[in-house]
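A.B. asks: Residue numbers (the working numbering): 224 to 515.
All C-beta atoms, glycine included, are put in the ideal place defined by N, C-alpha and C.
I'd like to ask you about the structure that follows.
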């Protein structure tokens, strides 16, 4: 699985598109002379493998709002897993966008140590610079678990060994949580409304010429498709407080209709406060979402 890769830090470019299933099927055929399923996808019967990410953010969802407003320099904090098997590690990741470039720092941690490190401070980290940096970001904005995001990924790698990777992500679902958990199975998952397949083209260095031909042939239009933001916005529709974009990102009136407080008067309620006081009914929270 992807969690066995030795990657730790990489700088690359990522371009996202939202395409139809028909386009995705045609593109897979188009890619055959240039790419093949990566070894992790090939090891799964349907050519796709599951991913679950636990996103961390501040009480007022600072990192989510940075993405919504398109800040050129922004950060995501997440912990990623590819299996519920506790013998496999989990991955603490910092994903930074600096202008157009994406820089990802990634460190593996034993599954049993997940909760330990999510409650640690930078000084408590072992002699690992990347983990210490993750904990520093957490402490700086008081980040905590916010939401789990799950999807299925079909990934392709270059036949020529070029640093190009193309992925198709489907079956996006989410679950609001405040716990250090990464389980894929179980109840409570809710499907995230997504009108199509998320296509990502990832590359370092020069954009291969054949990719230009593919983009033209399928008339692809680049757009922002952030799984974390989409999941938070879906949670809002279920009754959780979340930011909406209206010129400048602000908190929706959903947050303070009849629940007034000092923070509500300033235009927002912290996500965690809303979770405790006004989370959806147990029938909603325990309902079964999509399966992967």
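Classify residue 256 as buried or exposed, calling it buried when 16 or more other Cβ atoms lie within 10 Å of its own Cβ.
C.D. replies: Exposed, because fewer than 16 other Cβ atoms sit within 10 Å of the Cβ of residue 256.
A.B. asks: So, under 8 angstroms CB-CB, residue 361 and residue 300 are touching, yes? Tell me the CB distance rounded to an integer number of Å.
C.D. replies: Contact holds; Cβ gap of about 6 angstroms.
A.B. asks: For residue 452, write down the residues that DSSP places opposite it in a beta bridge.
C.D. replies: Residue 452 is not bridged to any residue.
A.B. asks: Do you know whose CA, among 306, 295, 337 and 324, lies nearest residue 315's CA?
C.D. replies: Residue 315 has its Cα closest to that of 337, out of 306, 295, 337 and 324.
A.B. asks: Can you tell me whether DSSP reads residue 477 as helix, strand or coil?
C.D. replies: In this prediction, residue 477 has a pLDDT of 36, which is less than 50 and means its spatial position is unreliable; nothing more can be read from the coordinates.
A.B. asks: Check for me: the alpha helix (DSSP H) holding residue 290 runs from which residue to which?
C.D. replies: Start and end: 285-291.
A.B. asks: Counting C-beta neighbours from all protein chains within 10 Å, is the total for residue 372 16 or more, i.e. buried, or is it exposed?
C.D. replies: Label assigned to residue 372: buried.
A.B. asks: Should residue 476 be labelled buried (16 or more other beta-carbon atoms within 10 Å of its own) or exposed?
C.D. replies: With a pLDDT of 36 at residue 476, under the threshold of 50, the modelled position of this residue cannot be trusted, and the question is left open.
A.B. asks: Let's test the definition: count the other Cβ atoms within 10 Å of the Cβ of residue 236 and tell me whether it reaches 16, buried, or not, exposed.
C.D. replies: Residue 236 comes out exposed.
A.B. asks: Taking the alpha-carbon of residue 440 as reference, which of 248, 456, 243 and 253 has the nearest alpha-carbon?
C.D. replies: Checked all of 248, 456, 243 and 253; the closest Cα to residue 440 is 253.
A.B. asks: Spatial neighbours of residue 304 within its chain, please: C-beta separation below 6 angstroms, excluding the five flanking residues on both sides.
C.D. replies: Counting only Cβ-Cβ distances below 6 angstroms, and skipping sequence neighbours, we find 275, 313 and 405.
A.B. asks: Quick check on DSSP: helix, strand or coil for residue 492?
C.D. replies: Caution applies to residue 492, whose pLDDT of 44 falls short of 50 and renders its modelled position unreliable; the model cannot decide the point.
A.B. asks: Whole angstroms is fine: what's the gap from residue 243's alpha carbon to residue 356's?
C.D. replies: If I take the Cα positions, the gap works out to 38 angstroms.
A.B. asks: Whose C-beta lies closer than 6 angstroms to the C-beta of residue 472 among residues of the same chain, with five residues either side of it excluded?
C.D. replies: Bear in mind that the predicted position of residue 472 carries a pLDDT of just 36, short of 50, making it too unreliable to give a figure here.
A.B. asks: For residue 378, write down the residues that DSSP places opposite it in a beta bridge.
C.D. replies: Looking at the DSSP assignment, residue 378 forms a beta bridge with 390.
A.B. asks: Which of the three DSSP states, helix, strand or coil, is assigned to residue 239?
C.D. replies: The answer is strand: DSSP assigns residue 239 an E or B state.
A.B. asks: Looking at residue 420 and residue 457, is the spacing between their C-beta atoms short of 9 angstroms?
C.D. replies: Their beta carbons are not under 9 angstroms apart, which means residue 457 does not touch residue 420 by this criterion.
A.B. asks: Assign residue 365 to one of two classes, buried (16 or more other C-beta atoms within 10 Å of its C-beta) or exposed (fewer than that).
C.D. replies: With fewer than 16 other Cβ atoms within 10 Å, it is exposed.
A.B. asks: Can you tell me whether residue 272 is buried or exposed? The criterion is at least 16 other CB atoms within 10 Å of its CB, across all chains shown.
C.D. replies: Label assigned to residue 272: buried.
A.B. asks: Quick one: what's got a C-beta closer than 7 angstroms to residue 480's C-beta in the same chain, skipping five residues either side?
C.D. replies: Because the pLDDT at residue 480 is just 35, under 50, the model does not fix this residue reliably, and the point stays unresolved.
A.B. asks: Quick check: the Cα distance between residue 260 and residue 378, rounded to an integer number of angstroms?
C.D. replies: Going from the Cα of residue 260 to the Cα of residue 378 covers about 6 angstroms.
A.B. asks: Just tell me which of 453, 451 and 447 has its CA closest to the CA of residue 238.
C.D. replies: For residue 238, the nearest C-alpha among the options comes from 447.
A.B. asks: Let me check one thing: in DSSP terms, what residues is residue 397 bridge-paired to?
C.D. replies: Its beta-bridge partners are 372 and 413.
A.B. asks: To which residues of the same chain is residue 389 closer than 6 angstroms at the C-beta, ignoring the five residues directly before and after it?
C.D. replies: Hits under 6 angstroms: 379 and 424.
A.B. asks: Using DSSP with H/G/I as helix, E/B as strand and the rest coil, what is residue 357?
C.D. replies: Looking at residue 357 - three-state DSSP - the assignment turns out to be helix.
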